[in-house]
Each structure stands twice: as structure tokens, then as C-alpha cells.
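So the sequences go chain by chain: A and B.
Quick note: the first sequence, position 162, residue 166 per our numbering, numbers continuous.
Quick note: the second sequence, position 131, residue 120 per our numbering, numbers continuous.
Where a beta carbon is used, it is the ideal one built from N, C-alpha and C, also for glycine.
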Amino acid sequence: MAGAAECGGGSVALVELSRVERDMEIAAIRRLLHDKLGAAVGVVEEGPHYESIRIDDDAVERAAMLLRDTPELRFDCLSNLSGCDYPGRGAIDIVYDLYSYEFDRSLVLRVSTRRGDPLVDSVERVWPAANWLEREVFDLLGVRFRGHSDLRRILLPEDWVGHPLRKDYVEPEQYHGISTVRESMLGIRSGS
Amino acid sequence: MSLVNSVPEMVLTTKVDQLLNWTRKSSLWYMLFGLACCAIELMQTGGPRADLDRFGMAPRATPRTSDLMIVAGTLTLKMALRTKLLYEQMPEPKYVVSMGSCSNCGGLFQLAYSVCDGVDKVIPVDVYVPGCPPRPEALTDGLILLQKKMSEEKWLVRPSAEEAALLS
Chain A
5 MAGAAECGGG SVALVELSRV ERDMEIAAIR RLLHDKLGAA VGVVEEGPHY
55 ESIRIDDDAV ERAAMLLRDT PELRFDCLSN LSGCDYPGRG AIDIVYDLYS
105 YEFDRSLVLR VSTRRGDPLV DSVERVWPAA NWLEREVFDL LGVRFRGHSD
155 LRRILLPEDW VGHPLRKDYV EPEQYHGIST VRESMLGIRS GS
Chain B
-10 MSLVNSVPEM VLTTKVDQLL NWTRKSSLWY MLFGLACCAI ELMQTGGPRA
40 DLDRFGMAPR ATPRTSDLMI VAGTLTLKMA LRTKLLYEQM PEPKYVVSMG
90 SCSNCGGLFQ LAYSVCDGVD KVIPVDVYVP GCPPRPEALT DGLILLQKKM
140 SEEKWLVRPS AEEAALLS
């Protein structure tokens, strides 16, 4: 019985803590990061569906470590890591979707890297799930991740040329003798 | 005098071609090989309700003992090379059934950079089964069509000079 009472007490404390922490505004999280990392932490950006914090490309791993290990945050899960090409401003953005199981809270980080030589810190040592996700971003967008243990293509064949999710990707006419020129019923011609 | 009446009743007369074709089409072993969602319907077709076993069909785990390749699903360019290799590993005579829109023409994904729009760009196809995915009834229909094709083959006829030139 004593054991059960202790367990009950513990979970009550957890619920109280999470109620406080769930209300933690994204601005407060940003302030916390800013206190530790300084100018590497950018502004909070409003998106159509969510807010995100912008981080410098060489501070990602430190920011990730902080977000995971700070007791008030505990973002212990990397839900997704994706990339997006913005040729207009010469950048590729990497988007980190984080989730905290303890506080039932999500957070989005955005990191910009130069399109000509995209290089970002790997977060594989913080969240091992990043291994395959970073390989996917490398495969499709050509972003290199500093400190990744095994950075090679994950979806496309090893001998593939180019990174297809880049906006200026030009599809080769053939792949090992298989023609990739496609004629659709709508008259859209791709592959050339 | 008819040949039929001159031999005992337990003897059955047929043509060699017909006998060969009948035995071959009645034990069509297909390769256990699926690429995408069509493979789920392929499994259903092999299951107790549609029951491919009643045609003498059995899945084989290796191309070396398979007569038939059922290409079930989206063929990516990465897989296209491997599919070709698997086809080449099958012993002659061999058959290919292209199952579903993706394998027929690339289907929904035909404009994607990684997709080969049609397995017939890589290997010859005997029967195309339309559908996305085809139901077990449709695949069974396609396989019966293939059996029909097989039963009309001629093995003992020496090819004419023209045909031989075409074959070589």
C-alpha cells in the first residue's frame, strides 16, 4: 500500500508540473535558448499552421542538446526532420519537428543553410532517429550533415545523379538504358 | 480404322504439344515477389478464397525454380534493374504477368522522377491486368488468360527460315 501511495504522489506532481510547462510559450523557450546560445538563436517565425524558432546552422547540435536535456523542456523525441529548397533566397531550410512526451508539447526549429554549399550540424548524437532522416535530406536535397556517422543515399540508388527535390533538378533522359521520358495523358511532358 | 478403337480403354490419346502445354500450364509456379500494394492482392489471390493452388500454382522463393513472374506494384528505377536480373535468373520458358496500373504504365506515379513507367520497358510482358489494385478475380482472370496462351504454344514445329532469322 505504501508503495502505491508513493506512486500516486509522484504522478500528481508530474501532472502539476506538466500543466505549468504546457503553457510555456514558444517565446519563453526561445528566451531560454537565447540565454544559453546568444545570437545563434534567431526570432520566432509565424507560419500558417505553427510557429518556429530559427537557429544558426552551426548551433543546431548545441540547441538540440539543450532542448532535450533541460528539465523544463525535455524534447526527447525527434518526430520528423525534413528539408525544403528556396532558390529565390538561395537557401535550403531544414525543419526539425520535436515532441516532448513528458509535457505533451511540440516545437518546430528551422535552420537555413546556403544553397551552394549546404552544411548543417548533425543531430544524430542527440536523437539517433536523425540518422535515417538526415540521410533522406542528403539524398533528396544534397545537404551534408557535419558529424553524421554514415552519410550516404538512403532511398535512391547509389549511382543516382543529382538531388531530385531541388527546384532546379533536371531529370536525366535515361537511367541504365531505361528511358525516363514520360508522356502523360494530360499532355504534360516531363523528363526533358 | 480409328486409332481410338484399336487401343485398350485406359489409354488416352493426345498430341505431344497439347500434353506438354497441359502439364506446363497446370503447374505454373510463380515467384514470391511483390513490389507494393498489389502484392497484398496477390497474397489474397493465393489465399483460400481465390485459391491459386487449384490451378496447380505455387509460390516459389527463388527465380531459379519459377515459371512465372507476377510484377505486382510500382516499379521504381532502382527496382527495375533488380527485376530485370530476377527475370534473367528464371529458366526458360518463362512468363510475365504485369499486375496493376503501376506495373502496366507507371499508374498514379508515372511522372515521378524515381518511377519506371511500365515494366515492359525492362522485360517482355505476356498479360497485362488492369486495376489499382486488381481484385483477386481480375488477377485470376489474367492467369487463366495466360494459361490459354500457353495451351496454344507449339513446341515440335521447326521454325521456318523467316522465323528463325527473326529469333536470332
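Buried versus exposed call for residue i [16 or more other C-beta atoms within 10 Å across all chains shown]
| i | result |
| --- | --- |
| B:THR3 | exposed |
| B:CYS105 | buried |
| A:LEU144 | buried |
| B:GLN99 | buried |
| B:ILE112 | buried |
| A:GLU128 | buried |
| A:GLY151 | exposed |
| B:THR51 | exposed |
| B:THR72 | buried |
| A:HIS211 | Any question about residue 211 of chain A goes unanswered here, given that chain A covers just 5 to 196. |
| B:THR129 | buried |
| B:MET88 | buried |
| A:THR184 | buried |
| A:GLY125 | The question names Gly, yet the displayed sequence has Asp at residue 125 of chain A. Looking at its Cβ environment, which holds 16 or more other Cβ atoms inside 10 Å, A:ASP125 is buried. |
| B:SER55 | buried |
| A:TRP131 | buried |
| B:ILE139 | For clarity, residue 139 of chain B is Met in the given sequence; the question names Ile instead. Looking at its Cβ environment, which holds 16 or more other Cβ atoms inside 10 Å, B:MET139 is buried. |
| B:VAL108 | buried |
| A:ARG119 | buried |
| A:GLU49 | exposed |
| B:ARG147 | exposed |
| B:LEU31 | buried |
Residue i: contacting residues in chain B (beta-carbon distance under 7 angstroms)
| i | result |
| --- | --- |
| A:SER183 | LYS110 |
| A:ILE160 | Strictly speaking, residue 160 of chain A in this sequence is Leu, with Ile absent from that position. Chain B residues near A:LEU160: LYS67, SER103. |
Beta-carbon gap between residue i and residue j smaller than 8 angstroms
| i | j | result |
| --- | --- | --- |
| A:ALA67 | A:LEU113 | yes |
| A:LEU85 | A:VAL141 | yes |
| A:SER110 | A:ALA95 | no |
| A:ALA63 | A:ALA44 | yes |
| A:ARG34 | A:ILE57 | yes |
| A:LEU155 | A:ARG139 | yes |
| A:LEU82 | A:LEU102 | yes |
| A:GLU65 | A:ILE30 | no |
| B:LEU41 | B:TYR84 | no |
| A:LEU77 | A:SER104 | yes |
| B:VAL86 | B:GLY131 | yes |
| B:GLU152 | B:ASN10 | no |
| B:ARG53 | B:GLN78 | yes |
| A:ASP97 | A:TYR90 | yes |
| B:GLN33 | B:PRO123 | no |
| A:LEU36 | A:THR74 | yes |
| B:SER149 | A:LEU160 | no |
| A:GLY46 | A:ILE59 | yes |
| A:VAL147 | A:GLY87 | yes |
| B:LEU155 | B:VAL5 | no |
| B:LEU74 | A:HIS180 | no |
| A:ILE158 | B:LYS110 | no |
Chain A residues whose Cβ lies nearer than 8 angstroms to that of residue i
| i | result |
| --- | --- |
| B:GLN78 | Per Cβ cutoff of 8 angstroms: no residues; B:GLN78 is ~18 angstroms from chain A at best. |
| B:ASP42 | Correct list: empty, because the minimum Cβ distance to chain A is about 35 angstroms. |
| B:LEU24 | Within chain A, no residue comes near B:LEU24; the closest Cβ sits about 15 angstroms away, beyond 8 angstroms. |
Residues that residue i contacts on chain B, provided the C-beta gap is smaller than 8 angstroms
| i | result |
| --- | --- |
| A:ARG186 | GLY95, GLN99, LEU100, ASP106 |
| A:GLU175 | TYR102 |
| A:PRO91 | Chain B residues near A:PRO91: none, gap ~17 angstroms exceeds 8 angstroms. |
| A:PRO168 | TYR102, SER103 |
Chain A residues whose Cβ lies nearer than 9 angstroms to that of residue i
| i | result |
| --- | --- |
| B:LEU70 | PRO161, TYR179, HIS180, ILE182 |
Residue-chain proximity (residue i, chain D), Cβ-Cβ < 8 angstroms
| i | result |
| --- | --- |
| B:ASN93 | Given the protein chain composition of this structure (A and B), no chain D is represented. |
contact_flag[the segment 131 to 144 of chain B, the segment 106 to 118 of chain B] where n(CB pairs < 8 angstroms) is 3 or more: The segment 131 to 144 of chain B, when compared against the segment 106 to 118 of chain B, does touch it at the 8 angstroms Cβ threshold.
Start-end ranges of the alpha helix (DSSP H) lying completely within the segment 50 to 132 of chain A, minimum 4 residues: Entirely contained in the segment 50 to 132 of chain A, the alpha helix (DSSP H) runs reaching 4 residues are, in chain order, 64 to 73.
Inter-stretch contact (C-beta, 8 angstroms, three-pair minimum) for the segment 62 to 72 of chain B and the segment 33 to 41 of chain B: Short answer: they don't touch.
The segment 13 to 29 of chain B in contact with the segment 46 to 57 of chain B per 3-pair CB rule at 8 angstroms: Under the three-pair Cβ rule at 8 angstroms, the segment 13 to 29 of chain B counts as touching the segment 46 to 57 of chain B.
At least 3 beta-carbon pairs within less than 8 angstroms: the segment 75 to 93 of chain B vs the segment 20 to 32 of chain B: Counting Cβ pairs under 8 angstroms, three or more are found: they touch.
Alpha helix (DSSP H) runs contained entirely in the segment -10 to 41 of chain B, provided each spans 4 or more residues: Taking only runs of at least 4 residues, the alpha helix (DSSP H) segments lying wholly in the segment -10 to 41 of chain B are -8 to -5, 5 to 14, 27 to 35.
In chain order, each alpha helix (DSSP H) run of at least 4 residues that lies wholly inside the segment 38 to 99 of chain B: With a minimum length of 4 residues, the continuous alpha helix (DSSP H) runs that stay inside the segment 38 to 99 of chain B are 66 to 78, 90 to 94.
Complete runs of the beta strand (DSSP E) confined to the segment 137 to 184 of chain A [at least 3 residues]: Runs of beta strand (DSSP E) with 3 or more residues, each lying fully within the segment 137 to 184 of chain A, are found at 148 to 150, listed in chain order.
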